Amino acid sequence: MTGVTTRELTYAAATNEAVHLEMARDEDVVLFGQSVAGSPDDPFVRAFGPDRVRVTPISETAEIGMAAGAALAGKRPVVDCTMAEFLLVAMDQVVNEANRFHYMSGGRVTAPLVLKAGYGFTAGWAGQHTGSIYGMFMGVPGLKVALPSTPADAKGLMASAIRDDNPVLFLHHYLLLLEQGPVPDGEHLVPFGTADVKRSGSDVTVVATGWTVHRALAAAERLAADGIDVEVIDPRTIAPLDTATILTSVGKTGRLVLVDQATRHSSVATVIAGEVAEHGFSALRAPIVQVTALDASIAYAKPMEDYVLPDEDKIVAAVRRVTVRGAA
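Position 215 (the sequence shown) corresponds to 215 in the UniProt record's numbering; numbering is contiguous.
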């Protein structure tokens with residue numbers, strides 16, 4: 001961020017700052033949710049009043065349906081849905097209503113709506129609210145999906161999501177909310193469909209999403225000590241997905257490891273593997289390796305949780321595997 005004034009913020013604070021700035025910039029931006037506007041002292045209520053910041057009934061169908069209607073009427077609602085699994089209760093509005101209006105109206109109707117929700121709370125929460133279910137949304141026409149991994153990207157992607165004229169899922173990992181990092185002051189926009197090369201390298205391409213980006217970067221530092229130069233790419237949005245940046249990197253390194261907290265057969269990793277197999281096969285010097293969660297629910301016991309989930313050691317082992325095979 002050379003030449004840009006930054007300050008240290010947590011991921012959660014950076015996300016909230018983006019919402020606050022967009023509400024100050026555009027009076028059509030409104031904030032809904034079951035856990036917002038808890039009191040008159042809520043900072044959003046104090047700044048924008050109870051008409052623009054509203055607590056909703058404990059009904060996801062109601063809050064998301066209300067927001068979709070408000071979007072069609074010209075507002076730009078941001079809905080704090082709390083947990084990604086709660087989106088499943090209102091699946092019709094998410095994948096069959098708001099996202100379809102622009103197409104079905106021949107481009108005459110827009111539905112500028114942001115659904116913000118957390119995922120992947122793998123800290124002893126066992127079977128519920130620990131899932132990484134973003135993969136089921138990435139192929140839905142008319143729906144964009146953002147998965148920021150840093151405070152700066154959280155701020156920039158949220159601002160871009162609010163300004164987008166059609167629905168966006170903004171999914172944040174629970175375990176990143178208190179992570180700190182440099183965040184640009186003032187207006188900051190991160191474009192959708194533009195991956196970020198978090199670390200340049202020449203030997204192996206590692207594509208990671210969300211919380212696993214930090215695990216991949218830590219693994220890359222360990223591998224560097226052994227002379228293995230790892231390039232780490234964060235797609236930042238999975239719909240649209242920046243396949244061009246990934247293919248360019250694979251063309252340079254000839255090796256690909258995909259890291260994703262989702263279960264293997266509903267992961268972003270599987271989709272990316274298919275794209276590279278079709279469009280970048282000739283560049284590959286070793287088989288693509290996926291480091292994902294197992295196709296299993298998260299257990300309460302930490303040793304079992306660790307067994308199911310990807311981690312730094314598993315990424316290191318995968319990179320060593322493709323490096324050895326590529327050299328053979």
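We treat Cβ as the ideally placed atom computed from N, Cα and C, and that holds for glycine.
All values derive from a computational prediction rather than experimental measurement.
Item                                                                                                            : Value
At least three beta-carbon pairs within less than 8 Å, the segment 249-264 to the segment 67-86                 : no
Validate contact between the segment 94-114 and the segment 275-286 using beta carbons, cut 8 Å, 3 pairs        : no
Cβ pair count under 8 Å reaching 3, the segment 11-23 against the segment 57-75                                 : no
Beta-carbon gap between I228 and D203 smaller than 7 Å                                                          : yes
DSSP bridge partner residues for R7 (one or two, in chain order)                                                : V183
Sequence-distant residues of its chain with Cβ nearer than 6 Å to T243 (five each side left out)                : E275
Start and end residues, alpha helix (DSSP H) containing E278                                                    : 268-279
Backbone secondary structure at P77 - three-state DSSP                                                          : strand
Whole-number beta carbon distance between G156 and V190, since they are thought to touch under 8 Å              : 3 Å
Same chain only: Cβ atoms within 6 Å of G118, ignoring 5 sequence neighbours per side                           : M83, H172, Y174
E27 to A239 span [Cα, whole Å]                                                                                  : 27 Å
DSSP beta-bridge partners of Y119                                                                               : H173
Close-in-space but distant-in-sequence residues of the same chain around A68 (CB under 7 Å, 5 per side omitted) : Q93, E97, A98, A111, L113
DSSP state of A328 mapped onto helix, strand, coil                                                              : Bear in mind that a pLDDT of 36 at A328, under 50, signals an unreliable position, so the model cannot answer this.
A37 versus L143 - alpha carbon distance                                                                         : 27 Å
V257 classed as buried or exposed, judged by whether at least 16 other C-beta atoms fall within 10 angstroms    : buried
DSSP-derived helix/strand/coil call for residue 329                                                             : Residue 329 is absent from the model: the chain starts at 1 and stops at 328.
Spatially closest choice to G131 from V271, K302, I298, by CA coordinates                                       : I298
For L241, three-class secondary structure by DSSP                                                               : strand
Residues near R325 in its chain [Cβ-Cβ closer than 6 Å; skip 5 each side]                                       : Residue placement at R325 cannot be trusted, given a pLDDT of 46 that sits under 50; the coordinates are not used to answer.
E231, DSSP secondary structure in three states                                                                  : strand
Cα-Cα separation, T6 to R46                                                                                     : 26 Å
Length of the line joining the Cα atoms of K314 and A152                                                        : 27 Å
Expected contact under 8 Å - CB spacing of P235 and A195 to nearest Å                                           : 5 Å
Host beta strand (DSSP E) of A208 (start-end)                                                                   : 204-208
Whole-number beta carbon distance between G210 and G120, since they are thought to touch under 8 Å              : 7 Å
7 Å Cβ cutoff met for T150 and G181                                                                             : yes
Other residues of its chain near A318: CB distance less than 6 Å, five sequence neighbours each side excluded   : V257, V289, V291
Beta-carbon proximity of T205 to V250, cut-off 7 Å                                                              : yes
Buried or exposed (CB count within 10 angstroms, at least 16 for buried), L223                                  : buried
Given G74 as reference, the closest of Y307, A159, R108, H265 once Cα atoms are compared                        : R108
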